[in-house]
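Each residue of the sequence shown is one higher than the one before, counting from -19 in this note's numbering.
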Amino acid sequence: MATIVHNMKAYCVGRELVEKLKKAIDRGNQAYKDGDLSKAEDFYTLGINSVPPSERPGCWIKPLLQCYSNRRTTRMGFGRIREALGDCLMAAALDP
């Protein structure tokens, strides 16, 4: 029974993270479409930071990778190549 409760809590946390990440992606994408790259970068960063560093990869990995990818694109738009490369490396480390 304890395992079932633990799995349900992990599922709920994963689902909450997915929702936070998707919301950040949607808001970032809208800001990007509106030409506000700074705001877009902030939303993607907010999504990335919503995942605790100690959290093990789960159902939220794909939206997290999308946040890194979209932030990379935004940073490329600013000409901040090293920071964009850092996002690529972080994504590769999460999903080799």
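Ideal placement from N, C-alpha and C gives every residue a C-beta, glycine not left out.
Residue from the options whose Cα sits closest to the Cα of residue i
i          : options        : result
residue 68 : 60, 52, 59     : 52
residue 20 : -5, 55, 31     : 55
residue 9  : 63, -5, 24     : 24
residue 74 : 28, 57, 62     : 28
residue 46 : 70, 61, 14, 15 : 70
residue -3 : 49, 11, 18, 36 : 36
residue -6 : 5, 57, 40      : 40
Separation of residue j from residue i, as counted between CA atoms
i          : j          : result
residue 59 : residue 65 : 11 Å
residue 16 : residue 0  : 21 Å
residue 30 : residue 63 : 19 Å
residue 49 : residue 18 : 15 Å
residue 26 : residue 76 : 23 Å
residue 12 : residue 72 : 23 Å
Anticipated Cβ contact below 8 Å, residue i with residue j, distance rounded
i         : j          : result
residue 2 : residue 43 : 6 Å
Cβ of residue i within 8 Å of any chain D Cβ
i          : result
residue 73 : The question asks about chain D, but that chain is absent: this structure has only one protein chain.
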